[in-house]
Amino acid sequence: MLSYVFRRAMQSVLVLLTVGLVAFSMFRFVGDPVENLLGQERTDADIERLREQLGLEDPFPIQYWEFLTRAVQGDLGISFRQGRPVVDIFIERLPATLELAFVSAAFAFLFGVLFGIYTSIRRKGFLTNVILTGSLIGVSLPTFLIGILLIYVFAVELGWLPSFGRGDVVQVGRWSTGFLTESGLKALVLPSLTLGLYQMTLIMRLVRSEMSEVLRQDYIRFARARGLSDRTIYFRHAVKNTLIPVITIAGLQLGSIIAFAIITETVFQWPGVGLLFIDSVQFVDIPVMAAYLMMISVMFVAINFIVDMLYLAIDPRLRDGKTSFS
Amino acid sequence: MKKIFFSTLCAIMAFAGTSHAETINWARAGDSLTLDPHAQNEGPTHTLAHQIYETLIMRDMTGAQVPNLATDWAPSPDNPNVWTFRLREGVTFHDGSEFDSEDVVFSFERAMTPDSDMKELLSSVKEVRANGKYGFEIETNGPNPVLPSNLNDIFIMDKGWTEENNTVEVQDFESGEETYASRNANGTGAYILTERVPDAKTVLEANPNYWGIGTFPLHVTKVNYTPIKNAATRVAALLSGEVDFIQDVPVQDLGRVDDDPNLKVLNAPQNRVIFFGMNMADDDLVSDDVEGANPLADRRVREAMNIAVNRDAIRQIVMRGQSIPAGIINPPFVNGYTDALDRIPAYDIDKAKSLMAEAGYGDGFTITLHCPNDRYINDEAICQAAVGMFAQIGITVNLDARPKAQHFPSIRNWETDFFLLGWGVPTYDSEYIFNFLVHTKTDKRGSWNGTRYSNPELDAKIVSLGSETNLATRNATIAEIWEEVQDEILYLPIHFQVLNWGMANRVETLVAPNDRAIFKYMELK
Numbered sequence: 123m124l125s126y127v128f129r130r131a132m133q134s135v136l137v138l139l140t141v142g143l144v145a146f147s148m149f150r151f152v153g154d155p156v157e158n159l160l161g162q163e164r165t166d167a168d169i170e171r172l173r174e175q176l177g178l179e180d181p182f183p184i185q186y187w188e189f190l191t192r193a194v195q196g197d198l199g200i201s202f203r204q205g206r207p208v209v210d211i212f213i214e215r216l217p218a219t220l221e222l223a224f225v226s227a228a229f230a231f232l233f234g235v236l237f238g239i240y241t242s243i244r245r246k247g248f249l250t251n252v253i254l255t256g257s258l259i260g261v262s263l264p265t266f267l268i269g270i271l272l273i274y275v276f277a278v279e280l281g282w283l284p285s286f287g288r289g290d291v292v293q294v295g296r297w298s299t300g301f302l303t304e305s306g307l308k309a310l311v312l313p314s315l316t317l318g319l320y321q322m323t324l325i326m327r328l329v330r331s332e333m334s335e336v337l338r339q340d341y342i343r344f345a346r347a348r349g350l351s352d353r354t355i356y357f358r359h360a361v362k363n364t365l366i367p368v369i370t371i372a373g374l375q376l377g378s379i380i381a382f383a384i385i386t387e388t389v390f391q392w393p394g395v396g397l398l399f400i401d402s403v404q405f406v407d408i409p410v411m412a413a414y415l416m417m418i419s420v421m422f423v424a425i426n427f428i429v430d431m432l433y434l435a436i437d438p439r440l441r442d443g444k445t446s447f448s
Numbered sequence: 013m014k015k016i017f018f019s020t021l022c023a024i025m026a027f028a029g030t031s032h033a034e035t036i037n038w039a040r041a042g043d044s045l046t047l048d049p050h051a052q053n054e055g056p057t058h059t060l061a062h063q064i065y066e067t068l069i070m071r072d073m074t075g076a077q078v079p080n081l082a083t084d085w086a087p088s089p090d091n092p093n094v095w096t097f098r099l100r101e102g103v104t105f106h107d108g109s110e111f112d113s114e115d116v117v118f119s120f121e122r123a124m125t126p127d128s129d130m131k132e133l134l135s136s137v138k139e140v141r142a143n144g145k146y147g148f149e150i151e152t153n154g155p156n157p158v159l160p161s162n163l164n165d166i167f168i169m170d171k172g173w174t175e176e177n178n179t180v181e182v183q184d185f186e187s188g189e190e191t192y193a194s195r196n197a198n199g200t201g202a203y204i205l206t207e208r209v210p211d212a213k214t215v216l217e218a219n220p221n222y223w224g225i226g227t228f229p230l231h232v233t234k235v236n237y238t239p240i241k242n243a244a245t246r247v248a249a250l251l252s253g254e255v256d257f258i259q260d261v262p263v264q265d266l267g268r269v270d271d272d273p274n275l276k277v278l279n280a281p282q283n284r285v286i287f288f289g290m291n292m293a294d295d296d297l298v299s300d301d302v303e304g305a306n307p308l309a310d311r312r313v314r315e316a317m318n319i320a321v322n323r324d325a326i327r328q329i330v331m332r333g334q335s336i337p338a339g340i341i342n343p344p345f346v347n348g349y350t351d352a353l354d355r356i357p358a359y360d361i362d363k364a365k366s367l368m369a370e371a372g373y374g375d376g377f378t379i380t381l382h383c384p385n386d387r388y389i390n391d392e393a394i395c396q397a398a399v400g401m402f403a404q405i406g407i408t409v410n411l412d413a414r415p416k417a418q419h420f421p422s423i424r425n426w427e428t429d430f431f432l433l434g435w436g437v438p439t440y441d442s443e444y445i446f447n448f449l450v451h452t453k454t455d456k457r458g459s460w461n462g463t464r465y466s467n468p469e470l471d472a473k474i475v476s477l478g479s480e481t482n483l484a485t486r487n488a489t490i491a492e493i494w495e496e497v498q499d500e501i502l503y504l505p506i507h508f509q510v511l512n513w514g515m516a517n518r519v520e521t522l523v524a525p526n527d528r529a530i531f532k533y534m535e536l537k
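Residue numbers (our numbering), protein chains in the order written: chain A, 123 to 448; chain B, 13 to 537.
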């Protein structure tokens with residue numbers, strides 16, 4: 123078993139290193155950062171001097187190696203665009219993304235489960251049709267369009283909610299939170315709806331099919347035969363069994379909510395790491411791009427590793443060390 | 013959840029009733045890159061810096077040069093290589109320390125260090141020195157009659173403040189640390205920086221001790237500046253009243269903003285011209301299908317291309333009326349511009365075809381056009397339109413549109429034979445254009461000359477502009493150079509960009525040709 127854990131950990135590290143290598147080899151196709159760093163009047167001598175200074179003249183495996191050696195010491199370099207340590211920028215930007223992801227995930231889970239249960243109990247009916255059709259639109263429309271539509275309706279036409287930004291934030295240590303002010307909470311509504319809509323639909327459909335499955339099981343039929351009330355059957359017996367796979371999926375989805383907040387953040391000018399990444403790509407801010415990609419891959423690798431370990435704990439067949447994942 | 017919605021609703025109702033007549037919420041696409049006024053020579057960065065820091069001389073909202081921290085300036089009567097400046101007295105920095113010639117000398121020297129992005133504008137400077145507490149002199153290598161036009165963005169910092177905060181040097185990437193000045197500011201300007209979160213929020217408040225109180229309107233007492241990258245969101249924020257002023261209204265949304273009874277759009281020609289450049293000197297082109305010859309080297313082909321571009325169609329369809337067709341790559345308010353030079357080539361397909369046939373390309377040829385897609389207004393769409401226009405005279409154009417970070421190096425490294433470029437003229441003088449776009453490519457000049465054009469005679473004339481003190485002679489030389497450039501059809505001008513600023517009706521401002529909103533000039537009704 124220990125060897126399995128070790129092997130799995132090594133695989134994770136290998137995946138990380140490969141992601142980094144691929145990312146670094148891609149950076150030279152993004153363009154030349156020096157173009158953005160120097161003004162229109164730049165001379166060739168300036169360009170050469172700066173390229174030298176930034177280490178851009180080195181072949182990319184060497185640049186990658188230097189990035190790695192510094193990264194393990196906690197130094198992610200200096201952002202070309204902002205001239206500040208990347209670590210500081212990430213610490214400043216992460217709370218915005220995490221709060222948005224958290225609210226979206228909570229929204230998606232709560233409403234996904236509610237709607238899922240409702241639509242599986244009332245298989246036909248007006249409200250069910252509305253929910254199902256609405257969710258279909260939610261999945262089919264691209265995120266940026268949903269965001270723009272919400273802005274148009276709630277910010278421009280109704281004037282209820284802000285169209286951009288985080289509102290006023292309160293600094294709690296190094297964490298800036300929008301949860302403590304009214305404008306901060308208002309600002310969260312539209313972006314988290316936009317970001318959570320797809321996940322909500324996913325969870326809803328999952329709950330609906332799982333629950334429908336469960337409701338056909340024998341023990342539910344016996345429960346009915348015993349004369350238990352609908353409420354007891356649905357909420358004491360069926361829902362509990364439905365939620366086990368749903369929670370696993372929802373946990374895995376949290377990672378992608380954080381990673382795919384990029385578009386939502388761009389539409390709503392949400393000052394998180396996703397917006398930072400887009401700005402960095404346009405500016406060819408290599409240190410920030412590298413750090414972001416590494417951060418996201420660390421996150422995904424970690425989530426997958428944890429899930430694998432949990433399966434290992436649950437499933438005794440994996441412990442003999444012979445069975446391999448395929 | 014219910015509680016949140018309820019409190020949200022209450023908050024909205026409260027919000028709707030209040031208004032602050034003196035606060036301006038300002039948004040544009042990009043943020044300032046740094047507060048260090050010498051670290052980046054870039055539009056949005058300088059626009060913010062101009063509110064906080066000041067220069068000796070600046071351009072006002074009409075584009076005219078006006079005194080700022082210098083009250084007057086003139087060439088020294090004793091030495092043609094020296095410019096003398098009299099500095100404004102009784103000015104203090106935001107932290108209370110006094111402004112004098114020591115700060116000016118320090119700031120100029122700082123702006124001339126290798127890590128400064130402003131040093132090219134001061135490349136002719138030999139030495140800067142104080143002449144008493146409120147006198148300042150710049151000595152150049154040889155006479156420089158147009159030096160003052162290079163000083164509009166050289167900001168003055170407080171020597172004592174930079175020394176105290178260990179930020180005497182401009183940002184350099186080797187040190188691995190950020191500099192104090194990139195996050196903090198202490199200028200003499202009309203507004204004091206009170207809060208800044210890069211990419212998210214910048215707050216400026218009126219400087220109660222500003223020297224210009226009584227001189228400028230100064231109606232705006234607080235500025236909230238937010239970059240909003242997404243154009244649709246930016247316009248939505250203006251329509252919903254969350255922001256009062258945006259600097260870049262996309263052309264497709266102009267109608268919507270203008271139709272809103274509370275909003276207006278003001279426009280003015282921008283100091284930026286858009287044009288095509290061609291490799292006209294190589295013996296053979298890499299990206300064409302003609303073997304052993306360069307069709308673009310033939311003046312007749314260039315002329316045919318020039319009259320095949322339907323500038324009116326580009327203006328009406330691609331730019332939705334928001335451009336001014338151009339016949340010269342020199343914006344109208346720049347010294348050297350004349351209406352005669354700006355005569356727009358008449359669109360004439362038949363003549364173009366016969367010119368092509370005359371040049372031996374009656375069956376046309378194929379070539380690749382490189383175009384940026386994130387730099388100018390509708391840049392890629394302009395190129396797409398041009399592809400169709402060139403096809404009419406038999407030239408099959410393959411369009412390769414890419415981000416500016418890839419596009420610009422290929423022009424400078426001579427890796428493209430046919431490209432779109434835009435050019436702004438910060439000095440408002442033709443010499444700037446000649447130095448970068450016409451002069452033979454050397455270490456010092458011609459760095460953006462992607463045409464490979466080289467004319468030693470013309471080069472000599474361009475170099476002479478730098479030290480010619482007789483303005484009449486100098487302007488005559490400029491006219492001669494333009495004559496030659498136009499005659500050779502060195503570039504195919506397309507149009508001058510038009511700036512569109514969207515704002516609430518109560519805001520009164522001129523639209524500055526350099527796209528810089530200066531809030532001390534802004535009036536509120």
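We treat Cβ as the ideally placed atom computed from N, Cα and C, and that holds for glycine.
Note that this is a predicted model, so its numbers are computed, not measured.
Does the Cβ of Val-437 of chain B have 16 or more other Cβ atoms within 10 Å, making it buried, or fewer, making it exposed? buried
Chain A residues whose Cβ lies nearer than 7 Å to that of Ala-413 of chain B: Here the premise fails: no neighbours, minimum Cβ distance about 13 Å.
Show which residues of chain B have a CB atom less than 8 Å away from the CB atom of Glu-157 of chain A. Lys-416, Ala-417, Phe-420 and Pro-421
Neighbour list for Gln-183 of chain B in chain A, Cβ cutoff strictly below 7 Å: Gly-205
On the three-pair Cβ rule with 8 Å, is the region 124-135 of chain B touching the region 189-202 of chain B? no
So, are the CB atoms of Gln-259 of chain B and Thr-46 of chain B less than 8 Å apart? no
Starting from the N-terminal side, write out each stretch of the alpha helix (DSSP H) that is 4 residues or longer and does not extend beyond the region 299-324 of chain B. 311-320
Sort out for me which residues DSSP pairs Asn-512 of chain B with in a bridge. B:Asn-279
Which of the three DSSP states, helix, strand or coil, is assigned to Asn-467 of chain B? coil
What residues from the region 51-62 of chain B come within 9 Å of chain A, judged by C-beta to C-beta, listed N to C? Ala-51, Gln-52, Asn-53 and Glu-54
Pull up the distance between the alpha-carbon of Thr-152 of chain B and that of Gly-478 of chain B, whole angstroms please. 11 Å
Whose C-alpha, out of A:Gly-289, A:Pro-393 and A:Thr-255, is nearest the C-alpha of Asp-211 of chain B? A:Pro-393
Please state if the CB of Gly-462 of chain B and the CB of His-451 of chain B are separated by a distance shorter than 8 Å. no
Quick one: which chain A residues come within Cβ less than 7 Å of Leu-251 of chain B? Val-278
Distance cutoff 8 Å, beta carbons only. Does Ile-240 of chain B sit that close to anything in chain A? yes
C-alpha distance - Gly-253 of chain B paired with Leu-319 of chain A, whole-angstrom precision: 27 Å
Range of the contiguous alpha helix (DSSP H) that encloses Gly-147 of chain B: Element bounds for Gly-147 of chain B: not the alpha helix (DSSP H) but the beta strand (DSSP E), 147-152.
Compare the C-alpha of Pro-89 of chain B against each of B:Thr-481, B:Leu-522, B:Val-519 and B:Asp-527 and name the closest. B:Thr-481
Let me confirm a value: Met-123 of chain A is counted as buried when at least 16 other C-beta atoms fall within 10 Å, else exposed. Which label applies? exposed
Buried or exposed by the 16-neighbour rule on C-beta atoms within 10 Å, applied to Leu-367 of chain B: buried
Asp-154 of chain A to Phe-233 of chain A span [Cα, whole Å]: 46 Å
Look up His-231 of chain B in the DSSP assignment and say whether it is helix, strand or coil. coil
Give the residues of chain A in contact with Pro-210 of chain B, contact being defined as C-beta atoms less than 7 Å apart. Gln-204
Counting only the same chain and skipping the five closest in sequence on each side, list residues whose C-beta sits under 8 Å from that of Leu-222 of chain A. Leu-310, Pro-313, Ser-314, Leu-317, Ala-383, Thr-386, Glu-387, Trp-392 and Gly-394
Return the bridge partner residues of Phe-287 of chain B from the DSSP annotation. B:Leu-433 and B:Pro-505
Partner residues on chain A for Leu-45 of chain B, Cβ-Cβ distance less than 8 Å: Arg-203, Gln-204 and Gly-205
Is the Cβ-Cβ distance between Ile-501 of chain B and Gly-348 of chain B less than 8 Å? no
Answer with buried or exposed for Asp-115 of chain B, where buried requires no fewer than 16 other C-beta atoms within 10 angstroms of its C-beta. buried
Which partner residues does Asn-37 of chain B have in the DSSP bridge list? B:Asn-236
Taking DSSP's pairing of strands, which residues face Gln-293 of chain A in a bridge? A:Ser-298
Does chain B have any CB closer than 8 Å to the CB of Asp-407 of chain A? no
Kindly indicate which three-state DSSP category Arg-129 of chain A falls into: helix, strand or coil? helix
If the cut is a Cβ gap below 7 Å, which residues of chain A does Asp-386 of chain B touch? Gln-404
Please classify Phe-128 of chain A as buried or exposed, where buried requires at least 16 neighbouring CB atoms within 10 angstroms. exposed
Output yes or no for whether 8 Å exceeds the beta carbon distance between Asp-310 of chain B and Ala-393 of chain B. no
To the nearest angstrom, how far is it from the Cα of Tyr-203 of chain B to the Cα of Glu-217 of chain B? 5 Å
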